[in-house]
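Chemist:
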Ligand SMILES: Cc1cc2nc3c(=O)[nH]c(=O)nc-3n(C[C@H](O)[C@H](O)[C@H](O)COP(=O)(O)O)c2cc1C
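Numbering (my numbering), first residue to last: 6 to 366.
1) Helix or strand or just coil, what does DSSP make of residue 403?
2) DSSP on residue 117, reduced to helix/strand/coil?
3) Closest to residue 96 by CA distance: which of 127, 140 and 253 is it?
4) So, residue 185 versus residue 341, is the Cβ gap smaller than 9 Å?
5) Please return the same chain residues whose Cβ sits closer than 6 Å to the Cβ of residue 283, not counting the five positions on each side in sequence.
6) Taking the alpha-carbon of residue 286 as reference, which of 319, 304, 236 and 208 has the nearest alpha-carbon?
7) How about residue 78: is its Cβ closer than 8 Å to a heavy atom in ligand 1?
8) How about residue 316 and residue 323: do their beta carbons lie closer than 9 Å?
9) From residue 241 to residue 247, what does the alpha carbon distance come to, in whole angstroms?
10) Going by C-alpha to C-alpha distance, which of 150, 151, 173 and 147 sits closest to residue 158?
11) Please work out which residues of its chain come closer than 6 Å, Cβ to Cβ, to residue 350, disregarding the five sequence neighbours upstream and downstream, and give them in chain order.
12) Apply the 10 Å Cβ neighbour rule to residue 11 and answer buried if 16 or more other Cβ atoms are within range, or exposed otherwise.
13) Taking the runs of the beta strand (DSSP E) that are 3 residues or longer, which of them lie wholly in the segment 151-224?
14) Can you name, in chain order, every residue of its own chain whose Cβ lies under 7 Å from the Cβ of residue 82, other than the five neighbours on each side?
15) Give the list of continuous alpha helix (DSSP H) stretches no shorter than 4 residues that lie fully inside the segment 24-59.
16) Kindly indicate which residue of 364, 325 and 344 has the alpha-carbon position closest to the one of residue 108.
17) Please say whether residue 13 and residue 346 have beta carbons closer to each other than 9 Å?
18) Is any heavy atom of ligand 1 found at a distance shorter than 8 Å from the C-beta of residue 23?
19) Going by DSSP, what residue range makes up the beta strand (DSSP E) through residue 275?
20) Can you tell me whether residue 162 is buried or exposed? The criterion is at least 16 other CB atoms within 10 Å of its CB, across all chains shown.
21) Select from 130, 152 and 212 the residue whose C-alpha is nearest the C-alpha of residue 348.
22) Is it the case that the Cβ atoms of residue 217 and residue 139 are separated by a distance below 9 Å?
23) For a test of the three-state rule: what should DSSP assign to residue 343, helix, strand or coil?
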């Protein structure tokens, strides 16, 4: 297995949905960075279920700092952050132990780990482990603020319903919305759509847009550690992510070069581009324009509707209605996770480029 990410700013995730805890070890954080539990808690709280369409698992998700932070500052030693699992109910998972949920990781995990994996609540494959990514993201965001980089994410589509594009001020406020959408009118319709799907024992997916502002030119290490490549790798660690595109993305394939190229110009003595179809990345290297990425999240696989599966023990067909506590739409809860993965990746590249001081004073 591979549970670590990054070269200089490294994170190692541990824990399962129904074991005692989930946590993260962050190595490479420069000494002196001011960090409090509240800083990390604020980010983790953004991931909590907030709407009637979210899981009813009531976790307090209280962040505990175990090491690496002393007197309110990073010490330069590994930082260990932990959240205890409290609201655990494995009964449904015992019932469906040999009935793999279509669309979930039950079958592949069972095959790969010979049935020894902790299957309760999806174990390591649960969305719950993304709370640990968000804790690491909180530290990464603080480090990025030293070089004035800002990271944002918001919901732009749910169940095929698109939000109107909005300005930066509205996107910054999207966190106040239960669906993390910057367009309040669209959010109302999206909520109806999710409630309808849930009422039918079903689920919906959607798209999250992430961005990073004020990113210096030159982040990314071609040819194998390109900025796009490492960002995509970080996004695909988020369970339920099935697609990633940068800038004009898949639409670029249908455009002409003259439409898709971003002309260069000078603004306030700086070289910038007039448009940003490249999503802030050229040749795998940041070009100083905002990094813009869209992440596709599939509909939640655990649904109440009857589905066809197999009994892996009896080796015969079976039907399955998943009970238990599930998000009818994962998208709003994955928004802070997308932010976290952008922050963690950019932080690593900023350190590789020598842009973050070894000691923060
Ligand atoms: C924040 C978050 C919450 C999630 N909640 C659920 C859930 O309640 N039920 C479910 O079946 N899947 C949920 N997932 C997705 C599954 O963990 C994921 O679909 C599964 O591990 C299979 O991985 P894959 O979809 O990437 O192939 C969630 C994912 C995230 C990021």
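From the three backbone atoms N, C-alpha and C, an ideal C-beta is built for every residue, glycine too.
Modeler: For this structure:
1) In the structure as shown, the chain begins at 6 and stops at 366. Residue 403 is therefore absent and cannot be evaluated.
2) Reading the chain shown from its first residue, position 112 is the one you call residue 117. The answer is helix: DSSP assigns residue 117 an H, G or I state.
3) Working through the chain shown from its first residue, we reach residue 96 at position 91. Taking only the C-alpha atoms, the option nearest residue 96 is 127.
4) Residue numbering aside, residue 185 sits at position 180 when the chain shown is read from its first letter. Residue numbering aside, residue 341 sits at position 336 when the chain shown is read from its first letter. Yes.
5) Translated into positions along the chain shown, residue 283 becomes position 278. Excluding positions up to five away in sequence, the list reads 252 and 267.
6) The residue given as residue 286 occupies position 281 in the chain shown. Checking every option, the nearest Cα to that of residue 286 belongs to 236.
7) Residue numbering aside, residue 78 sits at position 73 when the chain shown is read from its first letter. Not under cutoff, so the answer is no.
8) Here residue 316 refers to the residue found at position 311 when the chain shown is read from its first residue. Here residue 323 refers to the residue found at position 318 when the chain shown is read from its first residue. Going by C-beta atoms, residue 316 is nearer than 9 Å to residue 323.
9) Position 236 of the chain shown, counted from the first residue, corresponds to residue 241. Position 242 of the chain shown, counted from the first residue, corresponds to residue 247. For residue 241 and residue 247, the distance between alpha carbons rounds to 7 Å.
10) Taking the first residue of the chain shown as 1, we reach residue 158 at position 153. Considering only alpha carbons, the answer is 173.
11) By 1-based counting over the chain shown, the position of residue 350 is 345. 235, 236 and 239, listed in sequence order.
12) As a working note, residue 11 is residue 6 in the chain shown. Per the 10 Å Cβ criterion, buried.
13) 155-163 and 211-218
14) Translated into the one-based positions of the chain shown, residue 82 becomes position 77. Only 72 and 73 meet the Cβ criterion.
15) 42-50
16) Reading the chain shown from its first residue, position 103 is the one you call residue 108. Per the Cα distances, 325.
17) As a position in the chain shown, residue 346 is number 341, starting the count at 1. As a position in the chain shown, residue 13 is number 8, starting the count at 1. No, Cβ-Cβ distance for residue 346 and residue 13 is not below 9 Å.
18) The sequence position of residue 23 within the chain shown is 18, counting from 1. It does not: the Cβ of residue 23 is nowhere closer than 8 Å to a heavy atom of ligand 1.
19) Residue 275 sits at position 270 when you count from the first residue of the chain shown. From DSSP, the beta strand (DSSP E) with residue 275 extends over 275-278.
20) For this step, residue 162 is matched to residue 157 along the chain shown. Burial call: buried.
21) Within the chain shown, residue 348 is the residue found at index 343, counting from 1. Comparing Cα positions, the closest option is 152.
22) Numbered from 1 along the chain shown, position 212 holds the residue referred to as residue 217. Numbered from 1 along the chain shown, position 134 holds the residue referred to as residue 139. Result no, Cβ atoms of residue 217 and residue 139 do not sit closer than 9 Å.
23) Translated into positions along the chain shown, residue 343 becomes position 338. Reduced to three states, the DSSP call for residue 343 is helix.
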